[in-house]
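A.B. asks:
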Amino acid sequence: MANVKQIIDIILNLIVFADMVFFTIMSFKNDEGWKLKNGKRPLKYFTFLSNVHLAIASLLIIIFPNSFIVWMIKYTGTAAVTVTMITVLVFLGPTIGYKIVLTGRELWMHLINPLIAIVTFTILERRSLSFVYSLFGMLPVILYGILYYYKVLVVKNEEKKWDDFYGYNKGGKWYISIILMLVGTFAICMAYYFTGKINLL
Numbered sequence: 002m003a004n005v006k007q008i009i010d011i012i013l014n015l016i017v018f019a020d021m022v023f024f025t026i027m028s029f030k031n032d033e034g035w036k037l038k039n040g041k042r043p044l045k046y047f048t049f050l051s052n053v054h055l056a057i058a059s060l061l062i063i064i065f066p067n068s069f070i071v072w073m074i075k076y077t078g079t080a081a082v083t084v085t086m087i088t089v090l091v092f093l094g095p096t097i098g099y100k101i102v103l104t105g106r107e108l109w110m111h112l113i114n115p116l117i118a119i120v121t122f123t124i125l126e127r128r129s130l131s132f133v134y135s136l137f138g139m140l141p142v143i144l145y146g147i148l149y150y151y152k153v154l155v156v157k158n159e160e161k162k163w164d165d166f167y168g169y170n171k172g173g174k175w176y177i178s179i180i181l182m183l184v185g186t187f188a189i190c191m192a193y194y195f196t197g198k199i200n201l202l
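In terms of our numbering, the sequence shown opens at residue 2 and continues consecutively.
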């Protein structure tokens, strides 16, 4: 049984790693052809960054399945893509349309990869997660939030400034978005914390 679980875990992690390698390579291509600058554009999106984080963690967990540090990297990646998935399903889907956010590579990064991460982390790679360590799952959102705030509200250079593509500063109410994201991410981390105490299989 253990060997079967390990094989399934390896396959699922390889799927995440492989699809993100493919999507990363394809990000360099647009209607004008292959250009290095095209690959920089996705790097400003939390969706892409969280999935790259997860992909790297998925490869590492295959190579170092018993490493606690690697498992924690996988946890933070899983928490990050869970934030992505819930944000898409609850906020972006209703506002801009599910056909847009759940089509093509978006389907993989917004739904399939997060679901694979949740299954592998909570069932196939399951360990007990302490309360303190569970809070590490908030780091990706906090770090990205600082970057997003700086790029949207602080930077004045139009070439380096980001537009508010997530709409978190709509009406100048960025502070409400920050509170909601932190509370939501904390709730996700607590869900993983309590899930680690339940015998799922």
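Note that CB positions come from ideal geometry on N, CA and C, so glycine has one too. Because the structure is a prediction, the values reported are computed rather than measured.
By DSSP, does ASN158 sit in helix, in strand, or in coil?
C.D. replies: It is coil, neither helix nor strand.
A.B. asks: Taking only runs that begin and end inside the segment 61-98, name each unbroken alpha helix (DSSP H) of 4 or more residues, in chain order.
C.D. replies: Complete alpha helix (DSSP H) runs here, min 4: 69-88, 94-97.
A.B. asks: Could you tell me which residues DSSP puts in a beta bridge with LYS30?
C.D. replies: Paired residues: TRP35.
A.B. asks: Could you compute how far the alpha carbon of VAL102 sits from the alpha carbon of VAL156?
C.D. replies: Each residue's Cα considered, the two are about 28 Å apart.
A.B. asks: Assuming SER178 is part of the alpha helix (DSSP H), what are its boundary residues?
C.D. replies: Note, SER178: alpha helix (DSSP H), 175-196.
A.B. asks: To the nearest whole angstrom, what separates the beta carbons of ASN114 and ASP20, a pair I think is in contact under 8 Å?
C.D. replies: Confirmed, Cβ separation roughly 7 Å.
A.B. asks: By DSSP, does SER131 sit in helix, in strand, or in coil?
C.D. replies: Coil.
A.B. asks: Under the three-state reduction of DSSP, which class applies to TRP109: helix, strand or coil?
C.D. replies: DSSP places TRP109 in helix when its eight states are reduced to three.
A.B. asks: So, does the segment 41-54 touch the segment 127-135, judging by three or more C-beta pairs under 8 Å?
C.D. replies: Short answer: they don't touch.
A.B. asks: Check the C-beta distance from ILE189 over to ALA80 and give it rounded, since I have them as a contact under 8 Å.
C.D. replies: That pair is a contact at about 6 Å.
A.B. asks: Along the alpha helix (DSSP H) that carries GLY146, what are the first and last residues, could you check?
C.D. replies: 140-150 is the extent of the alpha helix (DSSP H) around GLY146.
A.B. asks: Could you tell me the distance, in whole angstroms, from the CA atom of TYR150 to the CA atom of LEU15?
C.D. replies: Their backbone Cα atoms lie some 34 Å apart in a straight line.
A.B. asks: Excluding five sequence neighbours on each side, which residues of the same chain lie with their C-beta closer than 7 Å to the C-beta of LEU112?
C.D. replies: MET86, LEU103.
A.B. asks: Identify which residue in PHE47, LYS41, VAL22 has its Cα closest to the Cα of GLY146.
C.D. replies: Of PHE47, LYS41, VAL22, the residue nearest in Cα terms is PHE47.
A.B. asks: Please report how far the alpha carbon of GLY232 lies from the alpha carbon of GLU160, in whole angstroms.
C.D. replies: Outside the displayed range of the chain (2 to 202) lies residue 232, so it cannot be described from this structure.
A.B. asks: Nearest to SER135 by CA position, among TYR194, PRO141, THR123, GLY94, is which residue?
C.D. replies: Among TYR194, PRO141, THR123, GLY94, the Cα nearest to that of SER135 is on TYR194.
A.B. asks: Which class does ASN114 belong to by DSSP, given the choice of helix, strand or coil?
C.D. replies: ASN114 falls in the helix class under three-state DSSP.
A.B. asks: Below 8 Å between beta carbons: does that hold for PHE49 and MET110?
C.D. replies: Yes, they are a contact pair.
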